[in-house]
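Here is the structure we will look at, set down as structure tokens.
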Amino acid sequence: MSQALVTEPQPSAKSVWANRIYAKMFTAYAISSFGEWFDAFAIEVLVAYRWQADPLMIALIPVMMALPGILLGSLAGVVADRWKKVNLMLFTDAAETVLTVLLLFAPGMSWLLPLLALRAAMGVFRVPSHQALTRQVVREDQLLKATSYNGLVNQFSKIAGPLLGAVVLTVISPQLCILVNAATRLISCLLLFTLRRIEENLTAPQAEAGSDGGAGTEHRLSFMEQWKMGWAVLLQRRILLSTLIVNMTVILVILMIDFQFPTLYREIAPDNESLLGWMVSSTGVGAAATIMILNRRNRISYGTGIGGGIVLIGIAIGAMGLLRPGSPEIWSLVLGLVIGIGNGLFMVTNNYVLQKETPEDMTGRIFGIQNMMSSTIMIAAPLTGGLLIRGFGVEVVFFVLGLLVLLFGLVCLLLQRVLWPSGTKKCAHEEPLQQVSG
Numbered sequence: 000m001s002q003a004l005v006t007e008p009q010p011s012a013k014s015v016w017a018n019r020i021y022a023k024m025f026t027a028y029a030i031s032s033f034g035e036w037f038d039a040f041a042i043e044v045l046v047a048y049r050w051q052a053d054p055l056m057i058a059l060i061p062v063m064m065a066l067p068g069i070l071l072g073s074l075a076g077v078v079a080d081r082w083k084k085v086n087l088m089l090f091t092d093a094a095e096t097v098l099t100v101l102l103l104f105a106p107g108m109s110w111l112l113p114l115l116a117l118r119a120a121m122g123v124f125r126v127p128s129h130q131a132l133t134r135q136v137v138r139e140d141q142l143l144k145a146t147s148y149n150g151l152v153n154q155f156s157k158i159a160g161p162l163l164g165a166v167v168l169t170v171i172s173p174q175l176c177i178l179v180n181a182a183t184r185l186i187s188c189l190l191l192f193t194l195r196r197i198e199e200n201l202t203a204p205q206a207e208a209g210s211d212g213g214a215g216t217e218h219r220l221s222f223m224e225q226w227k228m229g230w231a232v233l234l235q236r237r238i239l240l241s242t243l244i245v246n247m248t249v250i251l252v253i254l255m256i257d258f259q260f261p262t263l264y265r266e267i268a269p270d271n272e273s274l275l276g277w278m279v280s281s282t283g284v285g286a287a288a289t290i291m292i293l294n295r296r297n298r299i300s301y302g303t304g305i306g307g308g309i310v311l312i313g314i315a316i317g318a319m320g321l322l323r324p325g326s327p328e329i330w331s332l333v334l335g336l337v338i339g340i341g342n343g344l345f346m347v348t349n350n351y352v353l354q355k356e357t358p359e360d361m362t363g364r365i366f367g368i369q370n371m372m373s374s375t376i377m378i379a380a381p382l383t384g385g386l387l388i389r390g391f392g393v394e395v396v397f398f399v400l401g402l403l404v405l406l407f408g409l410v411c412l413l414l415q416r417v418l419w420p421s422g423t424k425k426c427a428h429e430e431p432l433q434q435v436s437g
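Take the sequence shown: its position 288, counting from 1, is numbered 287 in numbering that gives the first Met the number 0, and each next residue is one higher.
Have a look at this one:
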């Protein structure tokens with residue numbers, strides 16, 4: 000699909016919040032996202048500061064969380080396109096609640112790592128189900144708005160979760176933060192339980208004819224045949240393929256240091272473990288502000304959003320490598336803000352491209368393929384980053400990898416007409432954000 004689609008606004012169209020299914024999905028997602036960030040910050044502090052884990056052991060956390068994605072990613076995409084999506088999300092939330100409670104009793108890394116892997120396996124099925132159901136229940140002209148709202152709540156959670164976590168950790172243990180995540184997962188599960196009988200939850204019930212001649216025919220195909228169809232669509236559409244390649248390249252570099260921020264801040268702020276939480280919250284502020292601006296616009300350039308976001312992320316990561324013990328704490332907040340702005344541009348544009356350019360009945364498969372490839376990269380990248388940090392030092396690795404990300408982003412900007420031909424979308428935005436959010 001090389002030509003940009005244009006969706007004309009519908010004057011009488013209702014707000015996306017009038018969609019009861021999406022509104023409840025969004026609420027469940029918002030609550031669980033808050034707990035997830037609360038939990039993630041607590042685990043990082045527990046491992047890096049309290050257990051004083053080696054950088055290579057810290058790198059094993061994303062590796063163990065990635066293994067389920069490699070083994071189950073493509074299967075999860077097919078399952079999301081075939082099965083009842085809300086019921087699948089409901090089951091994964093319930094399982095994640097139980098596994099999060101079990102994390103409270105982990106005495107060390109040997110118990111923590113397999114529990115994180117099992118919990119990540121549930122997330123492998125939840126992500127494509129959520130994306131596919133959003134694509135299915137939200138109108139075409141409201142897709143960018145719904146996508147940006149999903150990204151926005153994730154970034155607000157990224158602000159509130161680590162920020163409150165940093166406050167909580169000054170007086171009590173990380174285990175309480177983990178318990179908060181278990182509670183939010185349970186609430187999300189209960190909300191999704193109220194949607195278990197919705198008709199819209201059925202896979203492609205009244206779908207238009209798919210690429211094989213009809214949704215009914217496709218539903219009778221085997222898992223392997225549907226998996227191959229997802230890859231065929233991806234390889235035949237340049238915009239989808241370019242987006243996936245760029246996304247995987249950036250993830251490859253960023254994952255080398257993504258879980259090493261605690262290692263960096265253990266060096267530059269050994270007596271202030273809450274500074275990491277403030278920095279992460281700062282990235283959330285930058286991303287949330289960026290997503291709100293994108294939400295008010297009716298045009299989004301694929302190349303500018305993805306390439307520009309990569310450039311900003313690279314600048315900030317490289318600059319973080321120049322921080323030293325005693326550096327003013329304000330620099331951590333400023334650089335976190337820049338990372339957040341870049342992440343907001345990159346994340347929303349990337350997800351919007353994949354949702355917009357993918358046939359509706361294949362959304363789950365395309366996101367499943369992306370998750371599988373991301374998980375595959377996550378096996379090697381964090382371990383490579385841990386080894387590099389052992390050999391060259393955390394500051395040097397941050398600086399060099401940040402520079403590489405910056406250069407790659409500049410290449411994406413220069414070649415955007417080749418990578419994303421006619422990649423500017425015009426979407427109907429009937430109301431500004433402040434009108435619909437109230």
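Cβ coordinates follow ideal geometry from the N, Cα and C atoms, glycine included.
Counted within 10 angstroms of its Cβ, other Cβ atoms place Asp270 as buried (16 or more) or exposed: exposed
Residue interval of the alpha helix (DSSP H) (run including Ile253): Arg237 to Ile253
Met24, enclosing alpha helix (DSSP H) - first and last residue: Arg19 to Val44
Residue span of the alpha helix (DSSP H) that contains Ala446, given as start and end: Not covered by the structure: residue 446. The range shown for the chain is 0 to 437.
Buried versus exposed, by CB contacts within 10 Å (16 or more), Lys227: exposed
7 Å Cβ cutoff met for Ile290 and Val333: no
Straight-line Cα distance separating Pro61 from Met377: 6 Å
Length-filtered (3 minimum) beta strand (DSSP E) runs lying within the region 343-387: none
Run of the alpha helix (DSSP H) containing Arg277, from where it starts to where it stops: It should be pointed out that residue 277 corresponds to Trp in this sequence rather than to Arg. Counting along the chain, the alpha helix (DSSP H) containing Trp277 begins and ends at Ser273 to Arg295.
Arg118, buried or exposed, once every other Cβ within 10 Å from all chains shown has been counted against 16: buried
Exposed unless 16 or more other CB atoms sit within 10 angstroms - verdict on Trp419: buried
Identity of the residues DSSP links to Ser187 by a beta bridge: DSSP lists no partner for Ser187.
8 Å contact criterion, which Leu191 and Met121 should meet: CB distance rounded: Actually they do not touch by this definition, with Cβ atoms about 13 Å apart.
Backbone CA spacing between Glu43 and Pro261 [nearest angstrom]: 6 Å
Cβ-based neighbour list, Leu321, same chain, cut-off 8 Å, excluding 5 preceding and 5 following: Glu394 and Phe398
C-beta contact flag for Ser31 and Arg134 at 7 Å: no
Collapsed DSSP secondary structure at Pro420 in the structure displayed: coil
Minimum C-alpha distance to Ile238 - residue among Val249, Ala288, Ser326 and Asn350: Asn350
Rounded straight-line distance, which links the Cα of Trp16 to that of Val126: 21 Å
Extent of the continuous alpha helix (DSSP H) run through Gly302: Tyr301 to Met319
Closest by C-alpha distance to Pro106, when choosing among Asn342, Ile365, Ile340 and Arg49: Arg49
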